[in-house]
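Report on one structure; see the data block that follows.
Protein chains in written order, with the working numbering: chain Z, 3 to 146; chain X, 1467 to 2440.
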């Protein structure tokens, strides 16, 4: 039922953590894109930059993402769930363990959110966006 | 004793007498009276003469010697008359010796033999006593005989004049002498008392005179001591009695002579018809005389009665009487008469004729008595009827049959009034008169009601009695009372009828055969019934086809001789064992019977042995048995050919003898004879499972339904098997309840199942893996491209207004991206399932594969369609193999061959590469093997190092599916 509900509502899922980051206001957010597909990274950079985000870095794997976050300190991490070395949820949990609530993490996947059950809900990410629905508005909508 | 001896005796008498007279005359004492001398001389002569007469008559009898001796010694007394003292002394010594011979004479009379030793010793004792006394007197008394004469000479041998001694001796002698005399008299009295009358007649003259003499001597001895005068008188008396003895003897002889003369009187008396016994008793002087007559059976008296007691009477003797050389009678007389056999002979001879006649009469009487007894005691009836039909005489049985108590009630009546019922009487009277006057011998049966109202049946046989002239004077009828027999015959007949009815109505077959084994005739009045109704109906033979035919002819194939043996056993008198035979029916069919033969007596009582064969039909039983046997054989065949392990156990778990099927024996490795008696769970079950198996069988024995269980069984070689088994109680075959253990060796099946399970798991895993790969490929490939396109389109959309040139450039990139996405999707779809395979079959699909292969590939493949699953499996084998060729082998060329042979398709892909491939290494080949295995096929990879690799799959092609596939082919093309 939940899956059905979510599917009808939107390809974008706002999680409970979204409210937690609401206080973290920025005008122009810096973004780190974490995805193992170069073509998606290129598309995502193009569309996010075109809509006002500042893409500060790209990584293709989980561990590299953790290093990049520590180095770049982005406001937002666009995190692919399926990574070659770690899952997006694991990266998410590790980031929270290291940094508390920062940065805001938006999970992306070419799969539907229901394919992950309640993993997304229980994660510390702000929300989930299907890759096909990626847009600056969608990301902004998850960042209150 | 001859005449010479007698003459010498007479001469001696004359000499003695003359010498005595001469001596007395010349030398006698003066006072002797010549009268006395003469008397004394006569007395001595009388003894000698009597003695010689006795010797002449009976030389062997010593009586004569004793008589004569007494006479001769008597004359020595004359010497005492002499004056010469020496002669006197000799006479004094010897004259007393007369008492020796005299005592002997009296005691031995009349036989001349002493009856006892005492008798014999008495004369000697007397002699010794007297001789001693006289000698003593001569020695001690100068005048030894003072009482005899005054002038008697004295003793010449006196040694001492002691008359007192002589007197003392005299007194002592008197006492002893008296004792001896008393003894002699007592002996004589005893003999007299014992003697029979006849014997007393013989005894009394001599013994009487002798006893009187001895008594007188005793009196003289006593009187000598009392008074001389009395003694003198007694002396005279003594002389008289003594002298009387020879005369008494002669009197006895004379009386016998007189008795002989009585024989002639006897003849006269017998002629006059006097009673013969009394006449003979009188003639023989033996009142106890009896006469007996000889019969074959022994002695009888004159009345014909048995006379053995008379003959055996003690003190009697038997004198046979002969007539014409044959013993006709015997006189049982006093034994003493044997002393005079001549008299007996004379009497017997005189009476022989009369006794002969008497003997015949006795015989006749004995025979009559016998016949009378016979007639009276015989169970037969006898009546003697006169020619007038009146009963003259009858026996007791006839009286009893007539129902009368008194024979006088019959005698004199017409027999028909007694023995014939009133209604038949006239007829009988007429027949009786018709038989006159000859009354020929005849037989007839006659039933009547007698005076007591009892019904009697008598079988009579009568014969005429004729007199000397041949005229019939009467009729003797002998009858047998057959009332009882008639009654029994009637009963028997009724019984026989009942038996016959029973035999006819019982369902068992019964047939009577004789000793020769021939079937007897069947006659309702004849008890020897042949075959009964059940027999005739069961076998369908008619009587005439059975009677006198051997029973064994009906028996089919008595090759073991059991039927013949049974008949022989019964003929020998014993009941036979039961025999099962097939008997031939009249319609040619055969029926089986269980029968036995028993001996039976002919119920009429005739002793002919018969054999009764009786039995029941067992055809149906045999058929059922045969059916059961076939069923059993069928079940055995099933059991023995069944692949399951079967065995039978009893309640204790022991296998029955031969109680397992071949599969059981072979699987567990035991011989048939080894399994009987083994406890199932001890012998055949793994020790770890045995308690459970025992428990489960126990529950099955208790009636619980026990399902299939897997247990470890152990073969004789120790190999463990997994057996799925059940235990089922069987319907009772015999008194035991048996249980069937049914087991299936599932060891291999379990292995196969395990393999199958693994194979399935691998298939599933492979499938999952394939899907994951597919999903990854889609995700990583087309999907990413489409996502990128989607993002790009969104970007284009945003650029469209502000920067159309950039949007157009982005669109070019997007088209390129889309073309790649499509190609990737097409490739993916081909990998999932090539459409060409479904649409056009294996050959074009393989050709498409080959066209993409990096090395030249030679193809040999038939264009025939196969079942879809087979085609798919074959396709993937080729696809995987060619992928491996391209990836690993380093081959320069390859060859793909797909051929049909023997109901299967063989797919092989060979390359000339490096070889050394390990089939277990890659999941691809493993998955292929499972796919092929799912179709019951096998996949073999041969990859020797340096010799290339051959992947070969053989997949069975079901014919039915194949044909359906063929039919479908045109549709596929259309």
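Quick reminder that beta carbons are idealized off the backbone N, C-alpha and C, glycines included.
Where residue i sits in the DSSP three-state scheme
i                      : result
residue 137 (chain Z)  : coil
residue 1768 (chain X) : coil
residue 1942 (chain X) : strand
residue 1492 (chain X) : helix
residue 1782 (chain X) : strand
residue 55 (chain Z)   : coil
residue 2026 (chain X) : coil
residue 2405 (chain X) : strand
residue 2186 (chain X) : strand
residue 1575 (chain X) : coil
residue 1814 (chain X) : helix
residue 2084 (chain X) : coil
residue 2342 (chain X) : helix
Any C-beta of chain X under 7 Å from that of residue i
i                     : result
residue 35 (chain Z)  : no
residue 111 (chain Z) : no
residue 42 (chain Z)  : yes
residue 49 (chain Z)  : yes
residue 89 (chain Z)  : no
residue 125 (chain Z) : no
residue 134 (chain Z) : yes
residue 45 (chain Z)  : yes
residue 31 (chain Z)  : no
residue 26 (chain Z)  : In this predicted model, residue 26 (chain Z) has a pLDDT of only 38, less than 50, meaning its place in the structure is not dependable enough to derive any value.
CB contact check: residue i to chain Z, cutoff 7 Å
i                      : result
residue 2361 (chain X) : no
residue 2237 (chain X) : no
residue 2274 (chain X) : no
residue 2398 (chain X) : no
residue 2259 (chain X) : no
residue 2287 (chain X) : no
residue 2110 (chain X) : no
residue 2271 (chain X) : no
residue 2230 (chain X) : no
residue 2338 (chain X) : no
residue 2409 (chain X) : no
residue 2299 (chain X) : no
residue 2375 (chain X) : no
residue 2254 (chain X) : yes
Cβ pair residue i, residue j closer than 7 Å
i                      : j                      : result
residue 2283 (chain X) : residue 2254 (chain X) : yes
residue 1513 (chain X) : residue 1533 (chain X) : yes
residue 2050 (chain X) : residue 2076 (chain X) : no
residue 1869 (chain X) : residue 1917 (chain X) : yes
residue 2079 (chain X) : residue 1977 (chain X) : yes
residue 2134 (chain X) : residue 2122 (chain X) : no
residue 2081 (chain X) : residue 2108 (chain X) : no
Sheet register partners of residue i (DSSP bridge)
i                      : result
residue 2205 (chain X) : X:2115, X:2195
residue 1921 (chain X) : X:1915
residue 124 (chain Z)  : BP columns for residue 124 (chain Z) are empty, so no partner.
residue 60 (chain Z)   : Z:35
residue 1909 (chain X) : X:1927
residue 132 (chain Z)  : Z:111
Chain A within 7 Å of residue i, Cβ atoms only
i                      : result
residue 2250 (chain X) : The structure shown contains no chain A; its protein chains are Z and X.
Residue environment, residue i, which counts as buried when at least 16 other CB atoms sit within 10 Å
i                      : result
residue 1888 (chain X) : exposed
residue 1902 (chain X) : exposed
residue 1492 (chain X) : exposed
residue 86 (chain Z)   : exposed
residue 23 (chain Z)   : In this prediction, residue 23 (chain Z) has a pLDDT of 40, which is less than 50 and means its spatial position is unreliable; what the coordinates show is noted afterwards. Residue 23 (chain Z) should be labelled buried.
residue 39 (chain Z)   : buried
residue 1531 (chain X) : buried
residue 1861 (chain X) : buried
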